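Visitor: Each number in the numbering used here comes from the position in the sequence shown (counting from 1) with 94 added on.
Using N, Cα and C, we set each Cβ at its ideal position, and we do this for glycine too.
Values in this document were obtained by computation on a predicted structure and should not be read as measured data.
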Amino acid sequence: MKIQKAVSAVSGVKVLLLAFGLAGLPNASSAGAISAGNPAPQTMPAPANLGGVSLARLRPWQPADAYRISVVADAYGPLGTYPAAGFSNEEAAPGIDPIQVDPIQTGAIIPGVFGSVALSMHNFPVAARWAPVYNAIVDCTPGSACDHENAAFGEIINIAGKKGFRDKLAFVNSSVNRLIAYRKDSALYGKLDYWAKPSEILEHRAGDCEDFAILKMAALLRAGIPAQSMSLVVLQDRRRKFFHAVLSVSTGSGTFILDSLGNNVAMDSDLPDYVPLYSFSTDRAWIHGSKSGAQIADVAGGFATVAPGEGSSPDATVTPASSGVGAK
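(1) Under 8 Å Cβ to Cβ from Cys240, same chain only, skipping five residues before and after it: list those, please.
(2) Going by beta-carbon coordinates alone, are Ser373 and Ser342 separated by less than 9 Å?
(3) Give the single residue among Thr345, Arg272, Ser347 and Val327 whose Cα lies nearest to the Cα of His338.
(4) Starting from Leu329 and walking both ways along the beta strand (DSSP E), at which residues does that stretch end?
(5) If the criterion is Cβ atoms closer than 9 Å, does the pair Ala212 and Ile351 meet it?
(6) Buried or exposed for Pro370, please, with buried defined as at least 16 other CB atoms from any protein chain shown within 10 angstroms of its CB.
(7) Would DSSP call Pro320 helix, strand or coil?
(8) What does a CB cutoff of less than 7 Å around Trp289 pick up in its chain, not counting 5 residues either side in sequence?
(9) Measure the Cβ-Cβ separation of Leu365 and Leu314 and say whether it is below 9 Å.
(10) In whole angstroms, what is the alpha-carbon distance linking Phe336 and His242?
(11) Under three-state DSSP, which class holds Arg272?
(12) Along the alpha helix (DSSP H) that carries Tyr228, what are the first and last residues, could you check?
(13) When the distance is taken between beta carbons, is Ser323 closer than 9 Å to Ser347?
Written out as C-alpha cells, the structure is:
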C-alpha cells in the first residue's frame, strides 16, 4: 500500500511523501559494463534524469508546484537540515574552469539530478552499506592499498590529474570501464548485494555497476574533483526494467553522468529513462522524488531489497505521479 502525507517544505509548499510497499522484491537488476572495444548502446537516449544530488543553483530554490518524494517509511527518521558545505571555487582543481563545481546548498529538500528533488534522510538503513565504503574512498590515497592492488589505477589518476575538467571525467569513465570486468556480487562475494571498497574492487579486478561508480569516485577525488560535487546514484532504468547505479558530478553548467554502460559522459538531462531512487554524497543519504505529473518508481519491498546489477526487477514499476493529495 502506498501512503502519502503532506510535509511542509521551507517555502511553505507541501510535499507529498509516498511510502513504498513492504512486499518482498525478487532479484533486482543487471547492468553490465561495456568493454573498451564495444560501442555504447545506441538505443539509450543520452541521460535526462539521473539520481545524484544536483546541488547547483546558487540562488534559493523555490518549488514551482507540488512535488512528491518517494520514501520507504517514516520510521527511517526525521528530515534533516544540514549546513551548507564550505567548498569554494578557489579549492577547485586546475582545469575545472569555466565549468566550476558548485557549493552544495543543502537542506531538508533540495534540487536533485534527473529533474528530481532530494530529501535528506537520517537513519536510512541502506546508508549502512555506504558509510564504510565512503571512508575507504577517502583513504584511497597515494601509496595506499588501492595502488598496491593495481598499479594501473594509480597511473589513471596521474594522467587524469593533468587534464581539464571535461577530459578528466571522460578519461576516468572510459579507463575504469576498461580496467575492471563486470561481475555480479553473487558471483564475487556470494551475496545478492555487496558494496565493495575500492581496494576490494581492484583486488578482484571486477565488480557490478555500483563498484564501477565507487572506483570512479575514488579516482576523481584524487584527481581533484571535490567529494561534495559527486554522488553515487541508485536508480531504475525504466526502459530496460532493471536497477542500476551511476556516478554523478554536479557543476554550475549541469550534472555529468559517468556510467558503466558506456564510455561517453552524458548530461543527466539526456537520460530520460533513468529514475533516481536514492543517492549518497560524502556521508549523506538522499531519497529522490519527482514533480507532480512526472514518473516515479514503485519498489515493492522497500529500498533494502534494491540490488543494482542483479537480474531483472519485474516488481519495480514506474507510474505517473498524481497532483492530488491523499492515500491511494
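Guide: By the coordinates alone:
(1) Cys234, Phe247, Gly248, Pro292, Ser293, Leu296 and Ala312
(2) yes
(3) Val327 is the residue among Thr345, Arg272, Ser347 and Val327 whose C-alpha sits nearest the C-alpha of His338.
(4) Met324 to Asp331
(5) no
(6) The residue is buried, with at least 16 neighbouring Cβ atoms inside 10 Å.
(7) coil
(8) Arg223, Trp224, Val227 and Glu304
(9) Taking 9 Å as the Cβ cut-off, Leu365 and Leu314 do not qualify as a contacting pair.
(10) 34 Å
(11) helix
(12) For Tyr228, the uninterrupted alpha helix (DSSP H) run begins and ends at Ala221 to Val232, by DSSP.
(13) The answer is no: Cβ separation not under 9 Å.
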